[in-house]
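Protein chains in written order, with my numbering: chain A, 7 to 201; chain B, 7 to 201. Backbone N, C-alpha and C fix where the C-beta goes; we use that ideal spot for every residue, glycine too.
Protein chains: 2
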Amino acid sequence: MFFLEETIRNKGAVYPGNVLKVDSFLNHQIDVAALDRLGEEFARRFTGKSITKILTIEASGIAVACSAARCIGVPVVYAKKTHSKNIGMDVYSSRVFSYTHDKEYDIIVSAQFIGRDDRVLILDDFLALGNAVKGLIGICGQAGASIAGIGICIEKAFQHGGDELRKMGYDVQSLAVIEKMSDDGNIVFRTDEQG
Amino acid sequence: MFFLEETIRNKGAVYPGNVLKVDSFLNHQIDVAALDRLGEEFARRFTGKSITKILTIEASGIAVACSAARCIGVPVVYAKKTHSKNIGMDVYSSRVFSYTHDKEYDIIVSAQFIGRDDRVLILDDFLALGNAVKGLIGICGQAGASIAGIGICIEKAFQHGGDELRKMGYDVQSLAVIEKMSDDGNIVFRTDEQG
Numbered sequence: 007m008f009f010l011e012e013t014i015r016n017k018g019a020v021y022p023g024n025v026l027k028v029d030s031f032l033n034h035q036i037d038v039a040a041l042d043r044l045g046e047e048f049a050r051r052f053t054g055k056s057i058t059k060i061l062t063i064e065a066s067g068i069a070v071a072c073s074a075a076r077c078i079g080v081p082v083v084y085a086k087k088t089h090s091k092n093i094g095m096d097v098y099s100s101r102v103f104s105y106t107h108d109k110e111y112d113i114i115v116s117a118q119f120i121g122r123d124d125r126v127l128i129l130d131d132f133l134a135l136g137n138a139v140k141g142l143i144g145i146c147g148q149a150g151a152s153i154a155g156i157g158i159c160i161e162k163a164f165q166h167g168g169d170e171l172r173k174m175g176y177d178v179q180s181l182a183v184i185e186k187m188s189d190d191g192n193i194v195f196r197t198d199e200q201g
Numbered sequence: 007m008f009f010l011e012e013t014i015r016n017k018g019a020v021y022p023g024n025v026l027k028v029d030s031f032l033n034h035q036i037d038v039a040a041l042d043r044l045g046e047e048f049a050r051r052f053t054g055k056s057i058t059k060i061l062t063i064e065a066s067g068i069a070v071a072c073s074a075a076r077c078i079g080v081p082v083v084y085a086k087k088t089h090s091k092n093i094g095m096d097v098y099s100s101r102v103f104s105y106t107h108d109k110e111y112d113i114i115v116s117a118q119f120i121g122r123d124d125r126v127l128i129l130d131d132f133l134a135l136g137n138a139v140k141g142l143i144g145i146c147g148q149a150g151a152s153i154a155g156i157g158i159c160i161e162k163a164f165q166h167g168g169d170e171l172r173k174m175g176y177d178v179q180s181l182a183v184i185e186k187m188s189d190d191g192n193i194v195f196r197t198d199e200q201g
């Protein structure tokens, strides 16, 4: 069992509505030592994939993307969620529906930071329906960049986004895959079922 | 001259309205090697300050906060900008006016992640009017935590937030301090004036 699963069991909290809070170590408070183990594991799983850039989405993907980028030796680009006056007009954009916040938002990436020569590793902290990742795939498509793989810290398999992306042919590597979660706090990982 | 000033001159871009874009290496695309030099410099400047936690604000403060936290050996906590259903009700909050986006927003931190025993290093990428930092100071006040110092990557001194905070008694360490910026791209750093 990868340490992340044990950390989720020990420090995570399940709330009604399929909400898993891991904000004591991953996406509100950050345990940098644990973060770096996740970054190293992504680097290991995508060895030899000729990655030129890591693409993530603000805010909670940034920390793990930087850890993986340090190991792989490439820059991070993070998609921004709103159109600030600090970003130029020459951008790629996608519309994303957020299950967590129950609303749509736009994500944008400056065109100068992703191009047709890039082989992109998409990273994020969570994958549920896969909407954020699909938005990032759309941005890579607009840029003409190829996608080397998709790395996810925690996949909620019961919301099927990960398996949908795998069926589309993407190499999705999730460091913890949750098959079932119940409101009493019980969590079943894919590795539990595989014995 | 610290490398950051040279990087700002070489890779930054000045836009009308006192906008300095450093999104090719700091806050949209991230050069992780440069980021780590910033983190190391913060660790050096705040050596011996008994820091227990680094506090920043999403999204653009997260990367540099994680780099510094790795060197100092403490966790990062980042304040969130909206009230998501994934965060509990027991939070500290401040209202912040964003000069960049010309609007007010709330920042929140879960009460469980900052307490009266904490000595907090506040870190952020930019300091202009100082509104975001004042919001984070407010959160530390609500938590009863003490503030060990304030670390900033790029301070726009002509907007006076940094000197205001210094007058309030805070140890503000900015790695690049811009005294003047003109629309033709000319940048004068505090170290230029000190000869």
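Buried versus exposed, by CB contacts within 10 Å (16 or more), residue i
{"i": "A/Gly1", "result": "Residue 1 of chain A lies beyond the stretch modelled for chain A, which goes from 7 to 201, so this question has no answer here."}
{"i": "B/Pro22", "result": "exposed"}
{"i": "B/Thr13", "result": "buried"}
{"i": "A/Met174", "result": "exposed"}
{"i": "B/Glu199", "result": "exposed"}
{"i": "A/Lys59", "result": "buried"}
{"i": "A/Ala85", "result": "buried"}
{"i": "A/Ser73", "result": "buried"}
{"i": "B/Glu47", "result": "buried"}
{"i": "A/Glu11", "result": "buried"}
{"i": "A/Ala19", "result": "exposed"}
{"i": "A/Phe8", "result": "exposed"}
{"i": "A/Glu110", "result": "exposed"}
{"i": "A/Ser188", "result": "exposed"}
{"i": "A/Asp108", "result": "exposed"}
{"i": "A/Asp123", "result": "exposed"}
{"i": "B/Gly147", "result": "exposed"}
{"i": "B/Gly167", "result": "buried"}
Backbone CA spacing between residue i and residue j [nearest angstrom]
{"i": "B/Ile63", "j": "B/Val139", "result": "9 Å"}
{"i": "A/Gln179", "j": "A/Leu133", "result": "11 Å"}
{"i": "B/Lys17", "j": "A/Ile184", "result": "43 Å"}
{"i": "A/Gln165", "j": "A/Ile193", "result": "14 Å"}
{"i": "A/Arg50", "j": "B/Ala163", "result": "43 Å"}
{"i": "B/Ala117", "j": "A/Ser152", "result": "42 Å"}
{"i": "B/Lys87", "j": "A/Gly67", "result": "15 Å"}
{"i": "B/Ala39", "j": "B/Asp29", "result": "15 Å"}
{"i": "A/Ile57", "j": "A/Val82", "result": "11 Å"}
{"i": "A/Arg76", "j": "B/Arg172", "result": "34 Å"}
{"i": "A/Glu161", "j": "A/Lys27", "result": "13 Å"}
{"i": "B/Gly157", "j": "A/Lys186", "result": "42 Å"}
{"i": "B/Asp96", "j": "A/Asn24", "result": "20 Å"}
{"i": "A/Cys159", "j": "A/Ala182", "result": "6 Å"}
{"i": "B/Tyr98", "j": "A/Tyr176", "result": "41 Å"}
{"i": "B/Ser104", "j": "B/Phe119", "result": "25 Å"}
{"i": "A/Leu32", "j": "B/His34", "result": "21 Å"}
{"i": "A/Ala65", "j": "B/Thr197", "result": "33 Å"}
{"i": "A/Arg125", "j": "B/Asp37", "result": "17 Å"}
{"i": "A/Arg15", "j": "A/Asp130", "result": "20 Å"}
{"i": "A/Val80", "j": "A/Phe52", "result": "13 Å"}
Per-residue DSSP class, three states only, for residue i
{"i": "A/Glu12", "result": "helix"}
{"i": "B/Ser100", "result": "strand"}
{"i": "B/Val70", "result": "helix"}
{"i": "A/Arg122", "result": "coil"}
{"i": "B/Asp130", "result": "strand"}
{"i": "A/Asp112", "result": "strand"}
{"i": "B/Ala39", "result": "helix"}
{"i": "A/Glu185", "result": "strand"}
{"i": "B/Glu47", "result": "helix"}
{"i": "B/Gln179", "result": "strand"}
{"i": "A/Gly155", "result": "strand"}
{"i": "A/Phe195", "result": "strand"}
{"i": "A/Glu64", "result": "coil"}
{"i": "B/Val80", "result": "coil"}
{"i": "B/Lys162", "result": "strand"}
{"i": "A/Lys17", "result": "helix"}
{"i": "A/Lys86", "result": "strand"}
{"i": "A/Val139", "result": "helix"}
{"i": "B/Leu32", "result": "coil"}
{"i": "B/Lys55", "result": "coil"}
Beta-carbon separation (whole angstroms), residue i vs residue j, contact threshold 8 Å
{"i": "B/Glu170", "j": "B/Gly136", "result": "6 Å"}
{"i": "A/Ile113", "j": "A/Val102", "result": "6 Å"}
{"i": "A/Leu142", "j": "A/Leu61", "result": "6 Å"}
{"i": "B/Ala71", "j": "B/Leu41", "result": "With a Cβ gap of about 10 Å, B/Ala71 and B/Leu41 do not count as contacting."}
{"i": "B/Leu127", "j": "B/Gly155", "result": "6 Å"}
Under 8 Å from the C-beta of residue i: neighbouring residues of chain C
{"i": "A/Val83", "result": "Of the protein chains in this structure, namely A and B, none is chain C."}
For the segment 64-81 of chain B, which residues have a CB atom closer than 7 Å to at least one CB atom of chain A, in sequence order?
-> Glu64, Ala65, Ile68, Ala69, Cys72, Ala75, Arg76, Pro81
If contact means a Cβ-Cβ distance below 7 Å, which residues of the segment 115-137 of chain A contact chain B?
-> Ser116, Phe119
Return the residues of the segment 34-46 of chain A that lie within a Cβ-Cβ distance of less than 9 Å from chain B, sorted by chain order.
-> His34, Gln35, Ile36, Asp37, Val38, Ala39, Leu41, Asp42
Cβ-based contacts, 7 Å cut-off: residues of the segment 176-201 of chain B near chain A = none
Interface residues of the segment 9-33 of chain A facing chain B [CB-CB below 7 Å] | Val25, Lys27, Asp29
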